[in-house]
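Down below is the structure, laid out as structure tokens.
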């Protein structure tokens, strides 16, 4: 091992592993939220049609990027605090472990479920709303009285 005159190697490993795992969790969650935002913008585009304002959309997107980034980062701040290193002498490895108190563990479980279920549910609801909006528009344009047939066609095309 190389010698570092001003710091301990274990402290570098501990800091790096905490930062790395924090960013992995953060980036995974933020990706799901951004996909949900894209689905929302697509729904707004379908509903607004010609009245869609691109400048407002860009401004809203910039605001959402900042808000979602801050919200997601803050929600995962508890994780790096509770991480520690364990040296495994038999396999000559260092493991980064996490240990939560029961209340923090419940909070962590809720945060994980929230960051996976809510964006998924939003994407599902927004996708169905897009299908319904397009089907209604096609039904009104074609002057069809049976919207159900148009729903079936819209679903079969996707």
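In the UniProt record's numbering, the protein residues as written are 1 to 158.
Every residue gets a Cβ at the ideal spot worked out from N, C-alpha and C, and that includes glycine.
From what residue to what residue does the beta strand (DSSP E) around residue i run?
i	result
residue 79	Segment 78-81 is the alpha helix (DSSP H) holding residue 79; no beta strand (DSSP E) there.
residue 50	Note, residue 50: premise wrong, no beta strand (DSSP E); not H, not E.
residue 101	Counting along the chain, residue 101 falls outside any beta strand (DSSP E), and DSSP gives it neither H nor E.
In the DSSP assignment, find the unbroken alpha helix (DSSP H) run with residue i in it and report its ends.
i	result
residue 67	54-75
With a threshold of 16 other CB atoms inside 10 Å of the CB of residue i, please say whether the residue is buried or exposed.
i	result
residue 115	buried
residue 81	exposed
residue 95	exposed
residue 77	exposed
residue 124	exposed
residue 140	exposed
To the nearest angstrom, report how far apart residue i and residue j are at their CA atoms.
i	j	result
residue 46	residue 73	31 Å
residue 36	residue 138	25 Å
residue 103	residue 110	11 Å
residue 99	residue 43	42 Å
Looking only at its chain, what residues have a beta carbon closer than 7 Å to the beta carbon of residue i, apart from the 5 residues adjacent to it on each side?
i	result
residue 64	37
Identify, in the order they occur along the chain, each residue of the same chain with its Cβ nearer than 6 Å to the Cβ of residue i, setting aside the five sequence neighbours on each side.
i	result
residue 151	135
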